[in-house]
Structures are given as C-alpha cells and as structure tokens.
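Everything on this sheet refers to the single structure shown next.
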Amino acid sequence: MEIIFYYNASDSRYSVKDLTEIERCSGSFKQPFNVLDPILQLSKVIDPLEYNYCYVPDVDRYYFVTSQPSYEAGFYNVSLHNDVIVNLRAEYMQLNAITSRQENNYNAYLNDNRLPVRVNQDVNTLNFDRCFVDPAHGEIEEIIMVVNGGM
Amino acid sequence: MATWLDVKNNIAAGGVVLENNEVFNINTIFGSNVHGYYFSYAPFFAPEINLTDNDHQNNFKTIKFKDGSFYGICQGESRDSIEIFYYIEGYEGETTTTYCGLTVHRKFLMTTPRYVEMSGTDSGGLSYTYYCKPSKIMLSLCYNEFLDPTMSVIYEFPIITHAINIDVTVPDDPDFQIQYSSSFTIPDDAMAPFGSFFEAAEWKDFLAGHSSGLPNYPGDAGGAGGGNGTYYAPNEGVPFSEVPLLQLINLGFNTIYNPDPGDVQDIARWLWSDDYTENIKMNHASPMENIITLAACPILRSKLVTTPSSFKIGNVTLNNKIVRKIANQYVKLSCGSRYFKGYWNGFLDYNSTYNLYLPFIGFRSIRSDDIVNNEVAILYKIDLMSGDGVCEVSCTPVDPETGEYDVSSVLYSFACNIYYNMATSGANYTSMYAQQRSAVASGISNIVNSAGRMLSGDLLGGALQLFTGQTAAKTDYETAKPDYTHGGNSSGNSGFFSVRNPYVIQTLPITNLPDDYAKMHGIPSMIFERLQDLHGYTEINAINLDSINASSAEKSELMNIMKSGFYI
Numbered sequence: 440m441e442i443i444f445y446y447n448a449s450d451s452r453y454s455v456k457d458l459t460e461i462e463r464c465s466g467s468f469k470q471p472f473n474v475l476d477p478i479l480q481l482s483k484v485i486d487p488l489e490y491n492y493c494y495v496p497d498v499d500r501y502y503f504v505t506s507q508p509s510y511e512a513g514f515y516n517v518s519l520h521n522d523v524i525v526n527l528r529a530e531y532m533q534l535n536a537i538t539s540r541q542e543n544n545y546n547a548y549l550n551d552n553r554l555p556v557r558v559n560q561d562v563n564t565l566n567f568d569r570c571f572v573d574p575a576h577g578e579i580e581e582i583i584m585v586v587n588g589g590m
Numbered sequence: 042m043a044t045w046l047d048v049k050n051n052i053a054a055g056g057v058v059l060e061n062n063e064v065f066n067i068n069t070i071f072g073s074n075v076h077g078y079y080f081s082y083a084p085f086f087a088p089e090i091n092l093t094d095n096d097h098q099n100n101f102k103t104i105k106f107k108d109g110s111f112y113g114i115c116q117g118e119s120r121d122s123i124e125i126f127y128y129i130e131g132y133e134g135e136t137t138t139t140y141c142g143l144t145v146h147r148k149f150l151m152t153t154p155r156y157v158e159m160s161g162t163d164s165g166g167l168s169y170t171y172y173c174k175p176s177k178i179m180l181s182l183c184y185n186e187f188l189d190p191t192m193s194v195i196y197e198f199p200i201i202t203h204a205i206n207i208d209v210t211v212p213d214d215p216d217f218q219i220q221y222s223s224s225f226t227i228p229d230d231a232m233a234p235f236g237s238f239f240e241a242a243e244w245k246d247f248l249a250g251h252s253s254g255l256p257n258y259p260g261d262a263g264g265a266g267g268g269n270g271t272y273y274a275p276n277e278g279v280p281f282s283e284v285p286l287l288q289l290i291n292l293g294f295n296t297i298y299n300p301d302p303g304d305v306q307d308i309a310r311w312l313w314s315d316d317y318t319e320n321i322k323m324n325h326a327s328p329m330e331n332i333i334t335l336a337a338c339p340i341l342r343s344k345l346v347t348t349p350s351s352f353k354i355g356n357v358t359l360n361n362k363i364v365r366k367i368a369n370q371y372v373k374l375s376c377g378s379r380y381f382k383g384y385w386n387g388f389l390d391y392n393s394t395y396n397l398y399l400p401f402i403g404f405r406s407i408r409s410d411d412i413v414n415n416e417v418a419i420l421y422k423i424d425l426m427s428g429d430g431v432c433e434v435s436c437t438p439v440d441p442e443t444g445e446y447d448v449s450s451v452l453y454s455f456a457c458n459i460y461y462n463m464a465t466s467g468a469n470y471t472s473m474y475a476q477q478r479s480a481v482a483s484g485i486s487n488i489v490n491s492a493g494r495m496l497s498g499d500l501l502g503g504a505l506q507l508f509t510g511q512t513a514a515k516t517d518y519e520t521a522k523p524d525y526t527h528g529g530n531s532s533g534n535s536g537f538f539s540v541r542n543p544y545v546i547q548t549l550p551i552t553n554l555p556d557d558y559a560k561m562h563g564i565p566s567m568i569f570e571r572l573q574d575l576h577g578y579t580e581i582n583a584i585n586l587d588s589i590n591a592s593s594a595e596k597s598e599l600m601n602i603m604k605s606g607f608y609i
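Taken in sequence, the protein lines are chains A and B. Those letters in the first sequence? Residues 440 to 590, per the numbering used here, in order. Those letters in the second sequence? Residues 42 to 609, per the numbering used here, in order.
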C-alpha cells in the first residue's frame, strides 16, 4: 500500500496540520493491526525527525511517526500513533458540545483557577465627599447643649 | 506594481475562470514585475487562506465571484498555489474565500434563519471603522464601476466574541464604493450600529417572523436549570429612609442650643451663680443635672436649622444672653455617591476585597457584588438630641455594557454617634467613659481568615471563634496569606480623632498574565456550540461522540484529547 510521509510542523493538538510532503513509499501494516498504534513495515529506513507524520490512503488515516525504525525479518518497523483529532475532524466538527475553556468564546465572570496572580496586591483608596467638619480643612466643630425644659 | 486599472484591463481581456476545487496559481495571470503575496493552504481539510502583503501595506487583491464559478483576479505572484472553494447561494456548506485586506477566512453560513441580512452603502474614503458586538460580520466590497453590485468581494471577520473596532482599508479611488451587508446573531444586549438600527430591541423587531434559532451568546448564564419556579426575581429597590417627623424638641421637656464658645463660658459662670442655683426647680439631685448633653458636634453650622433665642434651663432664663436654638432636631448629611466601575469586568473584580471606612463608625467590609459596577451613595441621619444616628449605604447596580442604572437599594446600615461629649458632672463622666470603652472593645480583633472573614474576638480574653461564612471559589493567592481588618469601631469621642470623610480601601489582585494565555489555556467558557463555529484553543466539557464512524478506541482517545485541550 502507498504511504505518504510528511513533515508535520504543527503541535499534535492542532486539528489542522501544517504538512510538507517528504516522500511517497510503499509498505504494509504489521499484523495484528492496532487501530490506535499500528506498526508500519517499510523496505527502507526513514528518519522520524524528518518523516514525523504520514497518511495511509488505504485506511484513510493520518498517523504520527513515534519511533525509530527497527529492523525485523527484512523490514524496517516504524511505530505509528493515530491522529484522531485530524482523522475524525470532518465528523466531530458538526457536533454540538459544551466547552469548559475556549480561546475566543468565553465568560469572563467564570472563575479561572489557572489564572496566575501575584502574592502582592494593589491597594487603592477611593474617597467620597466629606459631610462632617474637618479640622484638616481649618473647620471647627459646633457646640451642642441639650437642657431640661427651656420652653 | 500592478494597479487597479491593470487588473481591470486583464479582466476585460478575459482573466481566468476557475471551476470548483480547481487549484489556481496566480502566477499564470501576471508576470514577475508585481509584488509578492504569500498564500498558505491546507489541502486536505477545510481551507484557511492567509493573505499577507509582504511588500506593501496598502496593496489589495480581489476576487470576482459569479454563480457557479468565479473569476480569479489577483495582483502579484504567489509563493504557493491556492485552492478555492466557491459558494452557491442558498447552499449551506463550504464557503468562498475572502480577500481585499489582511484577514483570515473562516467558514460562514449565509442563509440560516438565525442571521440577519442588512445592507447599506458607504462611498469614498480610505478607511472605515466598524463597531460590532459578538457576531460574524461580512462586508461586501465592490468596485461599482467594475463589478456588478450583486457580485462582490466578501470580506469576513473571524468570529467575534467581544466588542471590537475593525479598520477596513480600501483603495483611495473615488469610484470605489463599499457596499456592506452583515449577518450576525443578536445577543440580548447587542449594540450593533449598522444602518438605522442601534439597539438590540430594534434588531429583534426587525427579525420578527424569523426563526428564533439563535445560538447561545457567550457570556449568558444559560438556562436557569431544573425546578419549576417562576424564575422571576425583580429588584424593587429600597430608597434611603427619612428622618422622623415628630420633633421631640417641641414637646417642652428638652431644648437644644447651638452656643458659641463664648456663650458656653458665660453659661458656665452663670450655672455657678445664685441666680441659677437659687431659682432652679429642684427636680434633680444637682442643678447641673439639668444639662443633659454638652458636646462638640462635627456638623457645619450651615447644616443646622436654628433660631435666635434666650438661653433658658428649666424655668430659669439667663438674662441678656441670646444663643442659637436648634429648630430642627434631625439632620441629614450626604457624602455623595461614587461609581465603582469594574476593573476587569470579570471574576477578579469579585475576588477583590473592599473595605468601607465611615466616619464615626469605622471600617466595615462591603461585598464585592454590592460595589463593583455599582454607584454607592452614603447618607448619615443624626439626632441632635443625642448625637446618635445611622449611616445608610445605598447601592445602585449599573450595567457595565450599557451604562443603564437599576433601582437603588439601601444594603448597609450602621449605627453611629458623632458627639464628643463633655462631662458636666461626676456621674455623667463615669457613665460616659464606660460606654466609650465598650464601643472600642467590640472591634478589638483585627485578624481575619484567608477568606476575608473576620475572626470575632473579646477584649477580656475570650477564645477566638472562626466565623465560617461562605467560601467562594478562590484563586491561589487568597490562601497564600491572611488578611487583616483595618481597625475597630471609631464612634463617639474616638471618632473625633479619625478621618472625617468616607473612603473605600480597594484591594485588587495583580495578575501575572503571560502573552497568549488564552491561546495556550483558553478562558473559562460554559457554552453550548457547534464545534465548527468555534476557533482556537478549546477544552470540551461534554460532547456526544456516538454518531462518529470510528472505533471505540479512537473515540475514547478523541474524547480525552478534547477534554484536555486541542486547537480547532
């Protein structure tokens, strides 16, 4: 089967990868086939630093190349890991979901326990208008005398 | 440099007609003596096309559309080829690309019921600034001479979740006309000044008859959830109270005077004279006990309502002495109001602490909900008979988005005494001193727990009791160190030595927010949305993957990745 090797420059968590095609080879999956972590049997050595991603048209799946090739029985075995984020994108993008965190759609009033906050705090004083006599402004108090009677 | 006329001439000469999904290299249209543009694409997934002008800031490029196919018109040469999907009117699916500016194209839906189509025309000029609220806004830019107005360049903004100003730069060409149309969702507090509509209510009137399938607006509380209550919680407001109407000073038992210091000296001499002691009716053990109160009062004379009067105690008048007699027993003193705008308009405002200092009362904690985005007013009401009074704190919520005021309510009320009493007899002094000592002791402890709640204390050495109030969600800093109150009570005599105006001590956390925090972590978001309408870093709280055609192992791994965070 055909295998298209790429250099993936994107973080593994990106659902759209930045790929540069490196080479197209032929190979086969080692049996038994593992859906998430298959092993590819190649007839040549590849450098996983450069050939770090691949597409297998026969199964219509994209994989991360996760190991150095190991020689076994005439083949170079390379471990792969299923890039489910890419492979299932067309389907899950049509689904509705409840988000817990989002880069652009968020609610600033929800508590964020990941937000780094310094130990020192900003202390400010905010004044209201004065309604009492204030000696600091040169004002003097009045005298009040309450007496019995006096009518 | 290719000019707009060159582009027009090329189109007149035929240009290039592309079919759907056809890869197109714009080098085939123009030669090498043009400026370069870089296009990147992802051929196997939904196309995202970044258009970057490498050389000049003011160059532009346009694509002319036509039903079913389109002409590709681009200036400059590309370093890569681009693949363009086109849009057929009435079809909800993949969309056409956008050009003419520095934007990243995203998919959009044109004709779903939840979108409003508006159109208008601006003409001339170099740049326009559009203010928009959460929405997807599309501007159709068309050269009115060159293009049929029904065919236009679609200029789309990425999903916008907060109010932003967007500058659109267009060619400085008097024949160039901007036709704008917008499709957007209507949140409850939308302010979208396109055309003649400015208020959300007007938009909604316009939408009457359309489907109400509006997506959730990020920031809404969402459904109330559960129960069969009325979900109706009106805010009726509580205004400041009024002073009593009954003036006790009119009942004949007591009189209140406002003498000058010289008058007091004259009165003091007279009190020791035979004229007073021989003539006063002895309804007390000592003649001096007819003086109920002698105090310094920190109220401006202009606030006191007085009438000139002879000075009389009981049945005895001090001849030839006119002093001011208080005619209104109660005084209202306003310290004005102040609007406390949210510093972040986010959760940190409510993780901040606010202490309110009130003259002749002391420091009191005030809830962040009552002060953030509230106008706070302070009013004292004093009884001149005793110096006792009450301080009311009224809070008026203000909508941070619209500036609209809600009703006011008195949320705090504190007793106070504003007199500096002077003892006029031994018995009077002993009683007065005991009261002052008690008032100071009631606020002796000044250590609070890390939740900002006061630990109650006892001057006489009682055990400290932890006040277990509400423990709201905290950020880490709140548990890092204890907090302290700012003092005890300061009523009566001790209040005379304290600050004479109210103020708020606002203690705000200092964030240490790195660049790209939202891109790396996201921000808390509890919304229900279709994933294709989201962009960027996303952590999923809940999703049903049953309908996906994949193995259970793949779906399980997908769920784990979605919950731990991925990039859409």
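Glycine included, every Cβ here is placed at the ideal spot set by N, Cα and C.
Are the Cβ atoms of residue i and residue j separated by less than 9 Å?
i, j, result
"Val431 (chain B)", "Phe455 (chain B)", "yes"
"Lys604 (chain B)", "Asn582 (chain B)", "yes"
"Val279 (chain B)", "Leu420 (chain B)", "no"
"Gln288 (chain B)", "Asn563 (chain A)", "no"
"Asn542 (chain B)", "Asp568 (chain A)", "yes"
"Leu389 (chain B)", "Thr552 (chain B)", "yes"
"Arg571 (chain B)", "Met532 (chain A)", "yes"
"Gly383 (chain B)", "Val413 (chain B)", "yes"
"Gly570 (chain A)", "Leu345 (chain B)", "A small correction: the amino acid at residue 570 (chain A) is Cys; Gly does not occupy that position in the sequence shown. Not a contact, by the Cβ cut-off of 9 Å."
"Phe401 (chain B)", "Ser531 (chain B)", "yes"
"Arg557 (chain A)", "Pro550 (chain B)", "yes"
"Val474 (chain A)", "Arg528 (chain A)", "no"
"Pro565 (chain B)", "Asn550 (chain A)", "yes"
Enumerate in chain order the residues of its own chain whose CB-to-CB distance from residue i is below 7 Å, with the five nearest sequence positions on each side excluded.
i, result
"Asp424 (chain B)", "Gln370, Tyr371, Gly430"
"Ser597 (chain B)", "none"
"Pro285 (chain B)", "Tyr371"
"Phe607 (chain B)", "Thr579"
For residue i, which of helix, strand or coil comes out of DSSP?
i, result
"Ala575 (chain A)", "helix"
"Ser454 (chain B)", "strand"
"Arg379 (chain B)", "strand"
"Pro349 (chain B)", "strand"
"Phe537 (chain B)", "helix"
"Phe503 (chain A)", "strand"
"Arg408 (chain B)", "coil"
"Val305 (chain B)", "helix"
"Leu289 (chain B)", "helix"
"Gln533 (chain A)", "coil"
How many angstroms separate the CA atom of residue i from the CA atom of residue j?
i, j, result
"Tyr461 (chain B)", "Pro441 (chain B)", "43 Å"
"Thr358 (chain B)", "Glu277 (chain B)", "53 Å"
"Leu586 (chain B)", "Pro477 (chain A)", "23 Å"
"His520 (chain A)", "Thr505 (chain A)", "7 Å"
"Pro339 (chain B)", "Ser435 (chain B)", "23 Å"
"Tyr502 (chain A)", "Val495 (chain A)", "8 Å"
"Gly444 (chain B)", "Glu330 (chain B)", "57 Å"
"Ser451 (chain A)", "Leu488 (chain A)", "14 Å"
"Tyr298 (chain B)", "Asn291 (chain B)", "13 Å"
"Gly270 (chain B)", "Glu580 (chain A)", "56 Å"
"Asn587 (chain A)", "Ile354 (chain B)", "6 Å"
"Ala460 (chain A)", "Asn535 (chain A)", "This sequence places Glu at residue 460 (chain A); Ala is not what is there. If I take the Cα positions, the gap works out to 33 Å."
"Ile363 (chain B)", "Asp304 (chain B)", "9 Å"
"Leu481 (chain A)", "Phe468 (chain A)", "9 Å"
"His527 (chain B)", "Phe538 (chain B)", "15 Å"
"Ala337 (chain B)", "Tyr272 (chain B)", "53 Å"
"Tyr445 (chain A)", "Ser588 (chain B)", "30 Å"
"Asp574 (chain B)", "Gln470 (chain A)", "40 Å"
Apart from the five residues on each side of it in sequence, which residues of its chain come closer than 8 Å, Cβ to Cβ, to residue i?
i, result
"Asp457 (chain A)", "Asn447, Ala448, Ser449"
"Thr347 (chain B)", "Asn299, Arg365, Lys366, Ile367, Ala368"
Looking only at its chain, what residues have a beta carbon closer than 6 Å to the beta carbon of residue i, apart from the 5 residues adjacent to it on each side?
i, result
"Gly563 (chain B)", "Tyr578, Glu580"
"Glu433 (chain B)", "Phe281, Leu420, Val451, Ser454"
"Ser509 (chain A)", "Asn516"
Quiz item: Is the region 538-546 of chain A touching the region 367-379 of chain B, taking contact as three or more C-beta pairs under 8 Å?
Solution: no
Practice problem: Pair every Cβ in the region 405-412 of chain B with every Cβ in the region 388-395 of chain B, then say whether three or more of these pairs are closer than 8 Å. | Solution: yes
Exercise. Check whether the region 497-517 of chain A touches the region 555-562 of chain B, taking contact to mean three or more Cβ pairs, one atom from each stretch, closer than 8 Å.
Key: These segments do not touch.
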